[in-house]
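One structure is given here, and the rest of the page talks about it.
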Amino acid sequence: MAYMFLVLPALSCATAISERQMSAQENTLQKSRNEQEGDHRPLVLVHRLPTFSLLSSDSLLIHFRLLDPVASAADEPLQEFLPRHGQSIRALLCLGPTPLKADILDLLPSLQLVAACSAGVDHIDLAECHRRGIAVTNAGTAFSEDVADYAVALLLDVLRRVSAANRFVRSGLWPQKPDYPLGSKLWGKRVGIVGLGSIGSEVAKRLVAFDCRIAYNSRAKKPSSPYTYYDNVCDLAVNSDVLITCCALTSETRHIINKDVLTALGKEGIIINVGRGPLIDEKELVQYLVQGEIGGAGLDVFEKEPYVPTELFELDNVVLSPHLAVLTPESFEALHELVIANLKAFFSNKPLLSPVRLD
Numbered sequence: 001m002a003y004m005f006l007v008l009p010a011l012s013c014a015t016a017i018s019e020r021q022m023s024a025q026e027n028t029l030q031k032s033r034n035e036q037e038g039d040h041r042p043l044v045l046v047h048r049l050p051t052f053s054l055l056s057s058d059s060l061l062i063h064f065r066l067l068d069p070v071a072s073a074a075d076e077p078l079q080e081f082l083p084r085h086g087q088s089i090r091a092l093l094c095l096g097p098t099p100l101k102a103d104i105l106d107l108l109p110s111l112q113l114v115a116a117c118s119a120g121v122d123h124i125d126l127a128e129c130h131r132r133g134i135a136v137t138n139a140g141t142a143f144s145e146d147v148a149d150y151a152v153a154l155l156l157d158v159l160r161r162v163s164a165a166n167r168f169v170r171s172g173l174w175p176q177k178p179d180y181p182l183g184s185k186l187w188g189k190r191v192g193i194v195g196l197g198s199i200g201s202e203v204a205k206r207l208v209a210f211d212c213r214i215a216y217n218s219r220a221k222k223p224s225s226p227y228t229y230y231d232n233v234c235d236l237a238v239n240s241d242v243l244i245t246c247c248a249l250t251s252e253t254r255h256i257i258n259k260d261v262l263t264a265l266g267k268e269g270i271i272i273n274v275g276r277g278p279l280i281d282e283k284e285l286v287q288y289l290v291q292g293e294i295g296g297a298g299l300d301v302f303e304k305e306p307y308v309p310t311e312l313f314e315l316d317n318v319v320l321s322p323h324l325a326v327l328t329p330e331s332f333e334a335l336h337e338l339v340i341a342n343l344k345a346f347f348s349n350k351p352l353l354s355p356v357r358l359d
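The following block contains the structure:
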């Protein structure tokens, strides 16, 4: 699954494995001491869909008691489970895209923190959290480098037709059709980034190495940025060979890439989406790709995941990926550490490390 939480990196080094085993033994000893001395660990509610697993929870269990309704032997609806525990829950750990709306918040009158295990928080009712005085944290920069790497990989794949060439060779067509269609180079391309936040900035940093000319659109111009700013996405598209969407999904950014933007991007234009599926009007995008009105696309996210429009399957100028951009052992290790740090900061009345703006 694209959102499975707290996966630790595989270790091939015997020393590293030994250290991990020692750490696990220390965790077990610490949990045993907790039980012997009386358990004073703060209670944290795990909010997840049944299809999402809480992995590598040992480190969390050293510091916190985890209440996981999905794993409860009672096997009862959340609306029946929470009323018995809601008064004592001050912090909630939200895994992946699990919706968190007013109906659940109503059952948690003491809730003060929602710690999201994702960079995007469009599945959480931020306005309702703000109204109730509930702080929200997200994955911060834990995924930024990995997503930026993936965005550049998708772009190179689309431009140089790497995946299409792989299919061409595997299908046995090379001896029959030696003149494979050429791709286009990345070097020197004009790249427009929609959302110059943590991920967008990392994308820009990588593309500067390809001598790309970077421009961007964000909610506001960033005084410290050396890149050209456009306050209108259509203007950005007109002046770009490639658009890369990295912004958060909000009511303002939903379908920010629409028919007008795709037209402005032009027949040779490439679009890469590593943000959220609904940032793009998918119906329009499919039509433009099928009709050859834009040059290609690299898509890691889709409007109604896991559904992917079947019209895209046969297009060699489109690279499809099942929401994998964030998935590396290193990024999950960073997320693991950040979640623990945010929860410890909250229960110690210290500043949160990755707070989400709610205003």
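Note that this note's numbering has the sequence shown beginning at 1, numbered continuously upward. Cβ coordinates follow ideal geometry from the N, Cα and C atoms, glycine included.
- Asn-232 sits exposed, since fewer than 16 C-beta atoms from the chains shown fall within 10 Å of its C-beta.
- Beyond the five residues adjoining it in sequence on each side, Gly-298 comes within less than 7 Å, by CB distance, of Leu-154, Leu-155, Asp-157, Val-158, Ile-272, Val-319 in the same chain, given in chain order.
- With contact defined as three or more Cβ pairs closer than 8 Å, the region 247-258 and the region 275-286 are in contact.
- Rounded to whole angstroms, the gap between the alpha carbons of Asp-125 and Ala-102 is 7 Å.
- With respect to the 8 Å criterion, Ile-199 and Val-136 are not classified as neighbours on the basis of their beta carbons.
- Contact check between the region 48-60 and the region 336-356: three or more CB pairs, one atom from each, fall below 8 Å, which counts as touching.
- Per DSSP, Leu-93 is one residue of the beta strand (DSSP E) stretching across 91-94.
- Under the three-pair Cβ rule at 8 Å, the region 184-192 counts as touching the region 236-243.
- Only exposed fits His-40, as fewer than 16 other CB atoms lie within 10 angstroms of its CB.
- Segment contact: the region 157-177 against the region 215-222, fewer than three CB-CB distances shorter than 8 Å; contact not assigned.
- A contact between stretches requires three or more CB pairs, one per stretch, nearer than 8 Å, and the region 106-116 meets this requirement with the region 79-94.
- Residue environment analysis places Glu-268 among the exposed positions, since fewer than 16 neighbouring C-beta atoms fall within 10 angstroms of its C-beta.
- Counting along the chain, no beta strand (DSSP E) covers Val-356, and no H or E run does either.
- In this structure, the CA atom of Val-46 is about 8 Å from the CA atom of Leu-54.
- When secondary structure is reduced to three states using DSSP, Lys-350 falls in the coil class, being assigned neither helix nor strand.
- Here the alpha carbon of Gly-266 sits roughly 30 Å from the alpha carbon of Asp-122.
- A Cβ-Cβ distance of about 13 Å is found for the pair Ser-354 and Gly-120, leaving them out of contact under the 8 Å criterion.
- Taking C-beta atoms under 8 Å as the contact rule, Ser-88 and Leu-43 qualify, at a distance of about 6 Å.
- Pairing His-323 with Phe-81, the inter-Cα distance amounts to about 31 Å.
- Distance between Gly-86 and Phe-64, taken at the CA atoms: about 16 Å.
- Rounded to whole angstroms, the gap between the alpha carbons of Arg-160 and Arg-206 is 17 Å.
- Just so you know, the alpha carbons of Val-114 and Ser-201 end up roughly 26 Å apart.
- Burial is judged here by how many other beta carbons sit within 10 angstroms of a residue's own beta carbon; Thr-245 has at least 16 and is buried.
- Around the Cβ of Thr-51, a 10 Å sphere holds fewer than 16 other Cβ atoms; the residue is exposed.
- For Gly-296, the enclosing beta strand (DSSP E) starts and ends at 296-299.
- Under DSSP, the beta-bridge partners assigned to Lys-304 are Tyr-307.
- Under the DSSP assignment, Leu-126 falls outside any beta strand (DSSP E), being part of the alpha helix (DSSP H) whose first and last residues are 126-132.
- In this structure, Asp-300 keeps its C-beta atom at 8 Å or more from the C-beta atom of Ser-331.
- For the pair Glu-305 and Lys-177, the Cα-to-Cα distance works out to about 36 Å.
- The C-alpha of Glu-303 lies about 4 Å from the C-alpha of Gly-277.
- Comparing alpha-carbon positions, the option among Gly-197, Asn-258, Pro-175 lying closest to Ile-294 turns out to be Asn-258.
- The residues Val-191, Ile-193, Ala-204, Leu-207, Val-208, Tyr-227, in chain order, have a CB closer than 7 Å to that of Ile-214 in the same chain once the five nearest residues on each side in sequence are set aside.
- Sequence-distant Cβ neighbours of Gly-183 in its own chain, meaning closer than 7 Å and more than five residues away, are Leu-159, Arg-160, Arg-161.
- For Ala-71, the secondary structure class from DSSP, reduced to helix, strand or coil, is helix.
- Taking the CA atoms as reference points, Tyr-230 sits about 11 Å from Gly-195.
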